[in-house]
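Beneath this line is the structure, given in structure tokens, with notes to follow.
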Amino acid sequence: MFNSELTKHLAELSKLEFTDEELDKMTEDMTDIIAIMDKVCGFDTSKPAYALDAVDYNDLRADAHTNSYPTDKITANAKNVKNNSFVVPKVV
Amino acid sequence: MALKKLRDMLDKKEISAVELTEQYLDKIEKADKSINSYITVCAEGALEDAKKAQEKIDAGSANAFTGIPISVKDNICTMNVKTTCASKMLEDFVPPYDATVMEKLKKSNIVMLGKTNMDEFAMGGSSQTSYFGGVKNPYDLSRVTGGSSGGAAASVAGGLCAAALGSDTGGSVRQPASFCGVTGLKPTYGAVSRWGLIAFASSLDQIGVIAKSAEDTGYLLNGIYGYDANDATSSKKSEGGYTSLIGSDISGIKIGVPKEFFGDGLNDEVKQAVLSAAEYYKKLGCELVEVSLPSLEYAVSAYYLISSAEAASNLSRFDGIKYGTRSGLGDDYNDLIKNSRREGFGNEVKRRIMLGNYALCSGYYDAYYKNATRIRTQIRSEYKEIFEKCSLLLTPTAPTTAYKIGEQENDPVKMYLADIYTVTVNIAGLPAISTTCGYDKNGMPIGMSLIGKPFDEKTVISVCDRFERDFDKREAAL
């Protein structure tokens, strides 16, 4: 059963923040959505094997040194940059 | 106008690449206000591209794409041109590199007119979840375009480009093509490199083509297919020559009609139009074979669990620090990320992330994600069996035609269930094309799909082309 506690738990895992009103709406939406998803629980699991790898992989790239993009191009999209580094709130 | 005809006109100097580009830019300027198909119009860049293309044409070194003006979905990275994914999160994002498909086309001096509108992060089937406003259908401005490549489909239908690149994770090329009366091709998984396509669900995502005809989709696919070392899932099996079977005799081809695609929930006008198309093929000497995909009933749930699980992981990179919206709120690292994601993502994206984490969550993983992957294996095996009996499948593209804006897109459950006829193609990694096969009582286009064997785009395109040649198509009056 979907409830607001589960929504809060998933929001934490999802790194999302909701107001109380948004949390109620999300709980309501998720209840309806999970009701459709429940369909998979009725699937006869004895039939196909569990296959995590659904795609074929070709050759992986050689483990060789290649040039990377210039630092200024990489940091150009960040809102807060200092000395060629991304600025984050103090962690420790 | 057909891409081959445009090529001919450019080569014969009946029109210059600059004049052709100016014509499209003029039309975008005049008409796009009413449909909102572009997020970014690259007028200056397009004219620069066109000048360079004309130099190639004048020097006699043009190839198939030189000077052809196209639109590009805004989740395909374009160097030095904003790529927003129709999200506030990437409102100002300017990629430092080109997607492989763009690298390929730029080498041919194609002209990029701009970046097209879409559902945010390609999550949706209406193109109404864009941070930059919804897209309107050129056939009826009060109706949706479908999605997520709604801007791409509308730009083609409205004559605002010669062809378009889109992406298809669960029907996002085919369904808007169906709603907007154009042709949309989703290639086999691995046929086109995903490098530079902003990831939604990596095992399902595929770049595709939207154009005025099946022949044009094959024409453009010839320019973007192929193995790419930057995408380990891209394949070496594709051979190109996608229009080579056009005009060949299709009599004797076995076309499967899966009974589950014509059951409850399918609009009657859509059903009749698709069955009439089946009769058309029969008259041409094709053999219609009734086939069955029993696991279709599980497809929508399996698709949403797998795609959302992958999305939850792929979208975890958007933290507001390296790129994207950065919130002014939050004193610590965790709060900064949460607030940035809260401000940057729209409601549908948040729902998908939540659903994905639910499916992957301890205690739910076995019942949901693991079962969804079992269903994926089962659907693949059912398709394999089907393709032992026939070369192609004919199905409706969507249960309905384009609906009124505001009528359905705010109900996530209704929206998810409407993907029933497109998602199995992505689950099984197959090629499929959607084209118009009729019009409903409101004059809205009805789409049918042809689904092919892996890497058999040539047959899909040629059989679709045969239908289009005899079909009386109505253009959108934009």
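These protein sequence lines map, in sequence, to chains Z and D. The letter at position 24 of the first sequence is residue 24 when you use this note's numbering, and the numbering goes up by one with no holes. The letter at position 295 of the second sequence is residue 1295 when you use this note's numbering, and the numbering goes up by one with no holes. We treat Cβ as the ideally placed atom computed from N, Cα and C, and that holds for glycine.
Think of a sphere of 7 Å around the beta carbon of Val40 of chain Z: the chain D residues whose beta carbon falls inside it are Tyr1298, Ser1301, Ala1302, Leu1305, Tyr1368, Asn1371, Ala1372, Ile1375, in chain order. Per DSSP, Ser1034 of chain D is one residue of the alpha helix (DSSP H) stretching across 1017-1035. Closest option to Lys1441 of chain D, judged by alpha-carbon separation, among D:Asp1268, D:Tyr1281, D:Ser1248: D:Asp1268. In this chain, the alpha helix (DSSP H) harbouring Ile74 of chain Z covers 71-75. Among the bridge pairs identified by DSSP, Gly1170 of chain D is matched with none. Using a C-beta cut-off of 8 Å, the stretch 1039-1055 of chain D makes contact with the stretch 1102-1111 of chain D, since at least three inter-stretch Cβ pairs fall below that distance. The stretch 1207-1223 of chain D makes no contact with the stretch 70-78 of chain Z; the number of CB pairs closer than 8 Å stays below 3. Runs of the alpha helix (DSSP H) lying entirely within the stretch 1201-1256 of chain D, each at least 4 residues long, are 1214-1221 in chain order. The C-alpha of Ser1295 of chain D is placed about 10 Å away from the C-alpha of Tyr1383 of chain D.
Put simply, the CB of Asp20 of chain Z is far from chain D, with every gap to its CB atoms at 8 Å or more. Within its own chain, the residues whose Cβ lies closer than 7 Å to the Cβ of Leu1417 of chain D, once the five positions on either side in sequence are excluded, are Val1300, listed in chain order. If you draw a 10 Å sphere on the C-beta of Gln1175 of chain D, you find 16 or more other C-beta atoms in it, and that means buried. Cα atoms of Phe1093 of chain D and Thr1083 of chain D: separation of roughly 6 Å, rounded to the nearest angstrom. Inclusion of Ala1053 of chain D and Thr1040 of chain D in the CB contact set at 8 Å is not warranted, their separation being larger than that value.
In terms of Cβ geometry, Ala1312 of chain D and Ser4 of chain Z do not form a close pair [threshold 8 Å]. Contact annotation: Ala1177 of chain D and Gly1452 of chain D have beta-carbon atoms that are not nearer than 8 Å. Within chain Z, no C-beta atom comes less than 9 Å from the C-beta of Phe1200 of chain D; the nearest is roughly 15 Å away. In this structure Lys1259 of chain D is exposed. Its beta-carbon is surrounded by fewer than 16 other beta-carbon atoms within 10 angstroms.
For the alpha helix (DSSP H) assignment, the uninterrupted runs of no fewer than 4 residues enclosed by the stretch 1362-1429 of chain D are, from N- to C-terminal side, 1371-1386, 1412-1417, 1423-1428.
Per DSSP, the unbroken alpha helix (DSSP H) holding Gly1151 of chain D starts and ends at 1150-1157. In chain order, Pro89 make up the part of chain Z whose C-beta sits under 8 Å from the C-beta of Asp1331 of chain D. At a cut-off of 8 Å between C-beta atoms, Ile1321 of chain D counts as an interface residue with respect to chain Z.
Secondary structure at Met1112 of chain D: strand, using DSSP grouped into helix, strand and coil. Within chain D, no C-beta atom comes less than 9 Å from the C-beta of Met1 of chain Z; the nearest is roughly 12 Å away. Comparing C-alpha distances from Ser1462 of chain D to each of D:Ile1253, D:Leu1360, D:Ser1307 shows the shortest one belongs to D:Ile1253. If you check the CB distance, Gly1320 of chain D and Ser1340 of chain D come in under 8 Å.
Nearest CB-CB separation between Ala1402 of chain D and chain Z: not below the 8 Å threshold. If you draw a straight line from the Cα of Ile1405 of chain D to the Cα of Val1173 of chain D, it comes to about 19 Å.
The shortest C-alpha to C-alpha distance from Gly1324 of chain D to any of Z:Glu28, Z:Lys79, Z:Glu17, Z:Asn67 is the one to Z:Lys79. Taking C-alpha positions only, Ile1255 of chain D is separated from Leu1392 of chain D by approximately 5 Å.
Within the stretch 1431-1470 of chain D, the runs of alpha helix (DSSP H) that reach at least 4 residues and sit entirely inside it are, in chain order, 1457-1470. Annotated as distal: Ser1037 of chain D and Gly1196 of chain D, with beta-carbon spacing of 8 Å or more.
If you draw a 10 Å sphere on the C-beta of Tyr1358 of chain D, you find 16 or more other C-beta atoms in it, and that means buried. The criterion of a C-beta distance shorter than 8 Å is satisfied by Asn1075 of chain D and Ala1122 of chain D.
In the structure shown, Leu1165 of chain D adopts extended strand secondary structure according to DSSP, grouped into three states.
Fewer than three beta-carbon pairs drawn from the stretch 1165-1172 of chain D and the stretch 1405-1415 of chain D are found closer than 8 Å, and the two stretches are therefore not classed as touching.
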